[in-house]
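Worksheet for the structure shown next.
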Amino acid sequence: MSSPSDGVSQPAADHGRLRAVAALSAHYGVSGILTPYLPVWLAASGLAADAVGWTMAAGFALRAICILGFGMVATLLLPAGGLAAGAALSAALVLVAASLIADPGTVGLLSVLAVGCVYGSIPLIESFANTVTLRSGHGYGRMRAWGSFAFMIGNVGMGALLTLPDGAALLPWIAAGLLLCLCLAVLGPSWQPPVPRLDPRAGAAALAVAAPLLVPALLLQASHAFYYSFGTLWWIDHGVAKGSTGIVWGAAVAAEIVVYRYFARRLEKVPPATLLAVCCVVAIGRWLLLSLDPPLPLIVISQFGHAMTFGGAYLAAQTVIRTRIRPELHYMAQAGYAFLTTFVGLAGTTAVIPWALRVTGVDPWLLMAAIAAAALAWLGFARLGRAAP
């Protein structure tokens, strides 16, 4: 069941694939609940709109810190599986505690802690999936498709539950149950990178090599900040029924699943810069369409663009890390990229959105389109720089 040839215990290929699929599914199932509906639960718990925004921004910031910290700890100290299991269990306990407390401020604080624990381990899980891909030849995209499918189930299922009286109150309990499943999925064989372990500074050096492609990927993810933090509330305020929000989110993830399941291997053969440029163009069109305050059918159509604005861009970033960075640096490279994406991209953008809207008076979706345009401009200038003598 294992090969000692590299000095590290390795699960058999199929066993590793099943564990990776289980971990990805459990994590993204939780994410499918928290990403669209945590703001709804916070608002139902008594937090004002500005407080919801700051809570989400603080959650993104702590998420970034945990991502970087977990990556360093997994590289230097503890088995990644045990670390991910402990984080999942802690998040489950924090969410249950938050659901039992009536004070809105305390609920917001505990939610920030839960977000940090939930998302801090994702680089570890993604690194394990990439390790399975490298060692066994199993396609990353097909494994990741199961995570997207679980995300969609979380979207649609939680959206349907919102139609029930006090349905939002079920969110922490359902998320806690899935987190316990994640805890079980990641316990077992060690997921440590090949020996020797390296200084974390080597991970930063590896990211610097990949920076010309990872920076526009970061900007593209930053253009999703309003979508992730306020999208559900915005749709409800603009006439979309609460029960339909799950369908809206599910449409995006369904398109993402199609990309991961059927087109991942083809897209991995496309030069990452070209793929990212296409994703930027799709993102600009997607956010511009939403800025027109379209009816529900067009909102659903705009969601199909998520297949490229997130799915394609994420696939490009994972391909860059997997193919241009040595395996022993993957934990730190994953953690570093996720840290920058979350802290600089999502937390920073989410915190600035309320201020930017007050100062400019611009539609929030136009701000997101501008960020996607900046990512496209980066790629264009980088291409011109390479072509210059």
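Sequential numbering from 122 applies to the sequence shown in this note's numbering.
Idealized CB from N, CA, C, for every residue including glycine.
In the displayed model, Gly-406 falls within a helix according to three-state DSSP.
In the DSSP assignment, Leu-282 falls within the unbroken alpha helix (DSSP H) covering 261 to 282. Contact between the region 430 to 448 and the region 147 to 167 is absent: fewer than three C-beta pairs spanning the two stretches fall below 8 Å. Cβ-Cβ distances below 8 Å link Asp-171 to Pro-475 in the same chain, with the five nearest sequence neighbours on each side left out; the list follows chain order. A Cβ-Cβ contact shorter than 7 Å links Leu-461 with Leu-339.
The Cβ neighbour count for Arg-447, taken over all protein chains shown within 10 Å, is under 16; the residue is labelled exposed. Our two residues, Ala-454 and Cys-187, have alpha carbons roughly 14 Å apart in a direct line. Put simply, the backbone Cα of Ala-219 is about 14 Å away from that of Thr-176. Remark: C-beta atoms of Leu-282 and Leu-291 approach each other more closely than 7 Å. Apart from sequence neighbours up to five positions away, the residues of its chain that approach Glu-377 with a beta-carbon distance below 7 Å are Ser-269, His-427, Ala-428, Phe-431 and Gly-432, ordered along the chain. Taking C-alpha positions only, Gly-226 is separated from Leu-216 by approximately 14 Å. Around Tyr-458, the same chain offers Leu-335 as residues with beta carbons nearer than 6 Å, after the five sequence neighbours per side are excluded.
At least 7 Å separates the beta-carbon of Ala-343 from that of Thr-481. It is roughly 16 Å from the alpha-carbon of Ala-212 to the alpha-carbon of Leu-308.
Counting along the chain, the unbroken alpha helix (DSSP H) around Ser-211 starts and ends at 201 to 220. Boundaries of the alpha helix (DSSP H) harbouring Asp-358: 346 to 358, taken from the DSSP string.
Here Tyr-349 is buried. Its C-beta has 16 or more other C-beta atoms within 10 Å.
In this structure, Leu-299 sits near Gly-150, with a CB-CB distance shorter than 7 Å.
One thing to note: Ala-271 has its Cβ no nearer than 7 Å to the Cβ of Ile-405. A direct Cα-Cα distance of roughly 37 Å separates Gly-278 from Pro-392.
DSSP, read as helix, strand or coil, puts Val-473 in helix. Excluding residues up to 5 positions away in sequence, Thr-176, Ala-179, Gly-180 and Leu-183 lie with their Cβ nearer than 7 Å to the Cβ of Val-233 in the same chain.
With a 10 Å radius around the Cβ and a threshold of 16 neighbouring Cβ atoms, Thr-254 comes out buried. Boundaries of the alpha helix (DSSP H) around Leu-231: 225 to 241.
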